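Participant: According to the numbering used here, the stretch in the sequence shown is residues 7 to 368, in order. Glycine included, every Cβ here is placed at the ideal spot set by N, Cα and C. Keep in mind the model is a prediction, meaning the values are calculated, not measured.
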Amino acid sequence: MQQEARLVTVDRAWSGRWHGPSVVRVSPAAVHLVGAAGPEHADLPHLPGTLFSPFTDSHVHLGLVEPAQLARGGVGRVLDLGWSPDVAALWPERGRVDPGWPEVQVAGGLLCPPDGYPSRAGWAPDDASVVVADAADAERAVVRMHDLGASVVKLTLNADAGPVFDDDVLRAIATAAERVGLLTVAHVQGPGQVRRALDAGLLRFAHTPFSELLPDDLLDRAADGTWISTLDIHRADPDAGDDGSAGSRPASPVQEVAIANLRGFRDRGGHVLYGTDLGNGDLPVGVNERELRALQRVGLDRDALLTALGSDDSLDAGHDGAHWTPRASWVPQPPPDDERDDPAWLARASVLTASTLQELLP
Ligand SMILES: [Zn+2]
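Following this line, the structure appears as structure tokens:
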């Protein structure tokens with residue numbers, strides 16, 4: 007069905023900053039802000055609530071969830087951090103043409119040493135582990151991911167689950183990625199591994215470090231980089247439900263370590279992105295209220311939460327933090343008076359496209 011572009015008004019919008027009542031143009035190609043709404047727009051159909059540039063989960067495994075459910079849960083954009091490369095290579099195109107999907111960027115496979123994580127992890131298909139034995143392998147693997155359409159190179163440095171790369175191979179991966187113009191994202195786990203990653207020039211982490219409380223000198227060095235939050239995955243009791251009682255639940259000791267590290271990282275100017283490791287563990291498919299609550303414990307206020315949920319400028323050269331695509335995230339309710347209620351408010355988001363608008367405003 008071919009849909010026309012439509013103009014609607016909304017009560018407010020967020021695109022890296024707040025806008026009041028706004029006119030929005032919605033077409034199958036793009037949702038974007040036209041400008042402020044005035045009396046001359048009174049005849050346009052009105053969509054109540056707040057429209058946001060699409061909420062992004064910067065750490066998912068789409069192979070383990072139903073992608074359309076993510077969009078229904080308010081997530082309009084994802085970065086997939088590891089799956090069978092030949093399968094994952096098909097997702098960005100699917101995310102472009104299928105309005106029921108989120109927009110997708112992928113890493114492809116997970117570069118790891120022989121027998122290294124996730125070779126023996128139950129969640130990953132065998133071919134998701136791209137084995138890199140030496141510097142020449144590193145070059146080949148990075149070029150392969152690049153040619154498959156990857157937006158980042160994912161590598162693992164997990165000393166808790168097998169052997170890890172030596173320093174030479176780590177640096178070879180970093181160098182190869184830089185040469186083809188891709189950012190690296192490292193899964194860093196186990197005592198001492200954060201220092202090794204930083205020594206190799208790896209600054210983007212798939213998880214807030216949780217294996218040890220990081221000393222000041224490491225936090226100082228890390229703060230030039232970007233950490234994807236993934237705090238909720240550590241929570242104490244995965245069976246306690248998603249009913250809103252999570253705020254009073256004690257966090258796990260591992261989560262406390264991660265929260266303390268993320269606080270120190272952020273205090274020094276480190277860049278925090280919202281991400282959940284969706285697909286691993288018992289996590290809601292969509293905006294995760296508990297992840298947002300954990301980020302509030304780190305110290306993020308409303309605007310900081312929204313910034314973390316926004317697009318990653320460094321993956322979007324030319325964008326300005328206001329990445330609008332054929333999708334926007336939409337919450338029909340007004341922002342709560344008390345910012346402590348923001349996680350529940352934002353978790354009511356769904357993704358707005360030309361198709362869903364057609365259902366809302368026939
Ligand atoms: Zn992951």
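1) Taking the straight line between their C-alpha atoms, what separation do you get for residue 152 and residue 186?
2) Relative to the C-alpha of residue 137, which residue among 125, 180, 131 and 62 is closest?
3) Do residue 283 and ligand 1 come close, with the Cβ less than 7 Å from some heavy atom?
4) Measuring only the C-alpha atoms, how far is residue 155 from residue 363?
5) Please give the ranges of any alpha helix (DSSP H) in the stretch 293-320, keeping only runs that are unbroken, at least 4 residues long and fully inside the region.
6) So residue 76 is in the alpha helix (DSSP H); what residue range does that whole segment cover?
7) Taking only runs of the beta strand (DSSP E) that begin and end inside the stretch 156-186, which ones reach a length of at least 3 residues, in chain order?
8) Looking at C-beta atoms only, is the number of pairs between the stretch 87-104 and the stretch 59-78 that lie closer than 8 Å three or more?
9) In the DSSP assignment, the alpha helix (DSSP H) including residue 265 goes from what residue to what residue?
10) Round the Cβ separation of residue 43 and residue 32 to the nearest angstrom and send it over; I've been treating them as touching at under 8 Å.
11) What would DSSP say about residue 96, mapped onto helix, strand or coil?
12) For residue 119, count neighbouring C-beta atoms within 10 Å of its own C-beta (all shown protein chains included) and say buried if the count is 16 or more, exposed if not.
13) Please report the residue range of the alpha helix (DSSP H) in which residue 147 lies.
14) For the 8 Å Cβ check, are there 3 or more pairs between the stretch 79-86 and the stretch 44-53?
15) Okay, do the stretch 128-146 and the stretch 103-112 touch, 3+ Cβ pairs below 8 Å being the bar?
16) In chain order, what residues of the same chain have a beta carbon less than 6 Å from the beta carbon of residue 234, not counting five sequence neighbours either side?
17) What is the rounded straight-line gap between the Cα of residue 324 and the Cα of residue 175?
18) For ligand 1, I want to know if residue 164 counts as a neighbour, meaning its beta carbon is within less than 7 Å of at least one of the ligand's heavy atoms.
19) So, are the CB atoms of residue 144 and residue 179 less than 8 Å apart?
Facilitator: This is what the structure gives:
1) The residue labelled residue 152 in the question sits at position 146 within the sequence shown. The residue labelled residue 186 in the question sits at position 180 within the sequence shown. Whole-angstrom Cα-Cα distance: 7 Å.
2) One-based indexing of the sequence shown puts residue 137 at position 131. Residue 125 is the option with its Cα nearest to residue 137.
3) Position 277 of the sequence shown, counting from 1, holds the residue named residue 283. Yes, the Cβ of residue 283 comes within 7 Å of a heavy atom of ligand 1.
4) Taking the first residue of the sequence shown as 1, we reach residue 155 at position 149. Taking the first residue of the sequence shown as 1, we reach residue 363 at position 357. Approximately 31 Å between the Cα atoms of the pair.
5) 295-304 and 308-315
6) As a first step, residue 76 is located in the sequence shown; it is residue number 70 there, counting from the start. 73-78 is the extent of the alpha helix (DSSP H) around residue 76.
7) 158-164
8) yes
9) Position 259 of the sequence shown, counting from 1, holds the residue named residue 265. Its alpha helix (DSSP H) spans residues 259-273.
10) Position 37 of the sequence shown holds residue 43. Position 26 of the sequence shown holds residue 32. So it is not a contact: roughly 14 Å between Cβ atoms.
11) Counting from one through the sequence shown, the residue named residue 96 turns up at place 90. Looking at residue 96 - three-state DSSP - the assignment turns out to be coil, as it is neither helix nor strand.
12) Locating residue 119 in the sequence shown gives position 113, counting from the first residue. Result: buried.
13) The residue you call residue 147 lines up with position 141 of the sequence shown. Counting along the chain, the alpha helix (DSSP H) containing residue 147 begins and ends at 141-153.
14) no
15) no
16) Within the sequence shown, residue 234 is the residue found at index 228, counting from 1. Within the same chain, residue 234 has close Cβ partners 64, 65, 212, 279 and 281.
17) Here residue 324 refers to the residue found at position 318 of the sequence shown. Here residue 175 refers to the residue found at position 169 of the sequence shown. Low per-residue confidence applies at residue 324: pLDDT is 40, beneath 50, and the placement is therefore not dependable, though the value from the model is reported in the following sentence. Their backbone Cα atoms lie some 32 Å apart in a straight line.
18) Within the sequence shown, the letter at position 158 stands for residue 164. No; taking the cut-off as 7 Å, the Cβ of residue 164 has no heavy atom of ligand 1 nearer than that.
19) What you label residue 144 is simply residue 138 of the sequence shown in a count that begins at 1. What you label residue 179 is simply residue 173 of the sequence shown in a count that begins at 1. In contact: residue 144 and residue 179 (Cβ atoms closer than 8 Å).
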